[in-house]
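These notes are about the structure you will find just below.
Below you can see the structure in the form of structure tokens.
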């Protein structure tokens, strides 16, 4: 059984007890270095991984006779290794432990519900669907996952002409000591530096009053 463990948005305090128990019982921990560093007392074999999904899958295959915990940031259902791992090894051979996502945390920080919010993944590349198309379909809350500088020109172009009705917020390093949540003016986007752990929120202004 391979356990895919959602490790929350960043802080150890936001990892659920059932996730901690699975990590404690694991013989092999696979995940990003910063996730492995959250568990210095674990005696499990540690396998740090980068962005090479195929390499991760091969490492899991070589150790599948052991209790493996694949550590993923946030919730496994949002832009994580869960999908390729389940596709290769099968649903009956995988257990998924949900975690608190950065999207949940971002909306909670603003005191907003996220029922009906559209979630866009912009980690690897800019989305093909435009923000205007999403808004025209009736959405008034959009969360964009993508802490990379290349997403900023896309956002500036996408938000053109919508400043009066919608507000753009950036939520960086959520749950960590250097957490920041701030509104962004369109003219400031070009010079903005964002953390790799950022969520952008496009929110109808009336919802924030």
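Residue numbers (my numbering): 3 to 211. Think of the CB as a built atom: it goes at the ideal place given N, C-alpha and C, for glycine as much as any other residue.
> In the structure shown, what three-state DSSP assignment does residue 66 receive?
Replying inline: coil
>> Using a Cβ-Cβ cutoff of less than 7 Å, which residues in the same chain neighbour residue 98 once the five nearest sequence positions on both sides are dropped?
In response: 6, 78 and 84
> Looking at residue 68 and residue 29, is the spacing between their C-beta atoms short of 7 Å?
Replying inline: Going by C-beta atoms, residue 29 is nearer than 7 Å to residue 68.
> With respect to the beta strand (DSSP E) encompassing residue 182, which residues constitute its N-terminal and C-terminal limits?
Replying inline: That run of the beta strand (DSSP E) goes 182-186.
> Do residue 9 and residue 101 come within 7 Å of each other at the CB atom, strictly closer than that value?
Replying inline: yes
> When DSSP labels each residue in this structure, what does residue 94 get in the three-state scheme?
Replying inline: helix
> If you drop the 5 nearest sequence neighbours on each side, which residues of the same chain put their C-beta closer than 7 Å to that of residue 136?
Replying inline: 120 and 144
> Helix or strand or just coil, what does DSSP make of residue 195?
Replying inline: coil
>> Quick check on this structure: which residue in 192, 134, 103 and 191 has the alpha carbon closest to the alpha carbon of residue 201?
In response: 103
> Can the beta-carbon of residue 122 be found less than 7 Å from the beta-carbon of residue 169?
Replying inline: no
> For residue 135, which three-state DSSP category applies?
Replying inline: helix
>> Once DSSP output is grouped into helix, strand and coil, what is the label at residue 200?
In response: strand
>> Taking the straight line between their C-alpha atoms, what separation do you get for residue 209 and residue 114?
In response: Taking the Cα positions, residue 209 is about 8 Å away from residue 114.
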